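Enquirer: Residue numbers (my numbering): 107 to 196.
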Ligand code: FES
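(1) For residue 177, count neighbouring Cβ atoms within 10 angstroms of its own Cβ and tell me buried if that reaches 16, exposed if not.
(2) Could I get the ranges of all uninterrupted alpha helix (DSSP H) runs contained in the region 145-191, with 4 residues as the minimum, in chain order?
(3) Are there 16 or more other CB atoms within 10 angstroms of the CB of residue 114, so buried, or fewer, so exposed?
(4) Figure out for me which residue from 172, 163, 170 and 139 has the closest Cα to the Cα of residue 107.
(5) Of the choices 159, 173 and 126, whose alpha-carbon is the least far from that of residue 118?
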């Protein structure tokens with residue numbers, strides 16, 4: 107869990123080469139956490155973020171849902187950067 111002001115949230119980071127993409131772990135469809143029971147956030151192919159609740163798929167690079175019940179909606183971004191090889195939150 108992370109804190110932003112008074113708000114606590116869970117977040118996750120996807121790394122693609124040198125780029126990292128952080129999101130709050132809440133699906134815009136029904137507010138469920140995205141990960142499946144073993145903590146996996148990505149499709150089997152690793153090319154999209156998958157919501158385990160109802161199957162929405164999101165692009166890694168911008169969090170936009172490409173299919174599923176919230177197609178067109180977007181994951182809430184969480185600002186993260188790589189500093190000296192370590193992922194840190196802004
Ligand atoms: S809660 Fe994610 S698709 Fe329904």
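Backbone N, C-alpha and C fix where the C-beta goes; we use that ideal spot for every residue, glycine too.
Fair warning: this is a prediction, and the values are worked out from it, not measured in the lab.
Expert: Taking the coordinates as given:
(1) For the purposes of this step, residue 177 is identified with residue 71 of the chain shown, where counting begins at 1. Residue 177 comes out exposed.
(2) none
(3) Numbered from 1 along the chain shown, position 8 holds the residue referred to as residue 114. Residue 114 should be labelled exposed.
(4) Looking up residue 107 in the chain shown gives position 1. Comparing Cα positions, the closest option is 139.
(5) In the chain shown, the residue the question calls residue 118 occupies position 12. Measuring from the Cα of residue 118, the nearest candidate turns out to be 126.
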